[in-house]
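Report on one structure; see the data block that follows.
In my numbering, the protein residues as written are 394 to 538.
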């Protein structure tokens with residue numbers, strides 16, 4: 394005899410692991426863009442100078458989005474309100490992947506600056522972290538139902 398159909402179900406473990414990894418990697422991106430490169434001189438051109446702060450602003454925002462969905466999945470998975478507004482999870486994962494991809498492009502553009510050779514290693518690590526965060530949210534977007 395088959396089990397009865399239930400409306401409420403527990404969240405899958407792999408999406409919870411993806412959200413935990415997203416929080417860790419986005420905080421690591423914030424660290425590598427701010428404190429790790431604290432003494433790095435900013436670029437002198439106007440548009441590149443503004444673009445340097447984009448990963449610093451986006452990485453805590455991604456961490457907040459991932460924390461919100463993690464709390465929703467862990468504690469409010471059977472709540473009718475979270476079941477009604479669950480369709481926002483896919484667009485937020487796609488937005489986070491897009492924002493992390495933009496961070497990766499910005500950091501890769503900075504890693505090709507040959508005038509400041511001491512800055513290349515630090516920015517390359519930020520670019521790798523941004524690429525990992527982009528891939529992680531792309532996996533999260535595809536693993537959502």
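For every residue, glycine included, the Cβ atom is placed at its ideal position computed from N, Cα and C.
Tell me the rounded alpha-carbon separation between residue 479 and residue 461. 12 angstroms
With a threshold of 16 other CB atoms inside 10 Å of the CB of residue 407, please say whether the residue is buried or exposed. exposed
Residue 534 to residue 490, Cα distance in whole Å? 8 angstroms
Could you say if the stretch 412–428 and the stretch 463–472 meet the contact criterion of at least three C-beta pairs nearer than 8 angstroms? yes
Taking the alpha-carbon of residue 484 as reference, which of 444, 455, 450 and 449 has the nearest alpha-carbon? 455
For a quick check, are the C-beta atoms of residue 598 and residue 422 less than 9 angstroms apart? Outside the displayed span of the chain (394 to 538) sits residue 598, for which this structure offers no information.
What residue range is occupied by the uninterrupted alpha helix (DSSP H) comprising residue 460? 447–468
Can you give the beta carbon distance from residue 520 to residue 497, rounded, assuming they're within the 8 angstroms contact cut? 6 angstroms
Does residue 473 pass the burial test, meaning 16 or more other C-beta atoms within 10 Å, or should it be called exposed? exposed
Tell me whether residue 522 is buried or exposed, calling it buried when 16 or more other Cβ atoms sit within 10 Å of its Cβ. buried
Apart from the five residues just before and just after residue 409, which ones in its own chain have a Cβ nearer than 8 angstroms to its Cβ? 463, 466 and 467
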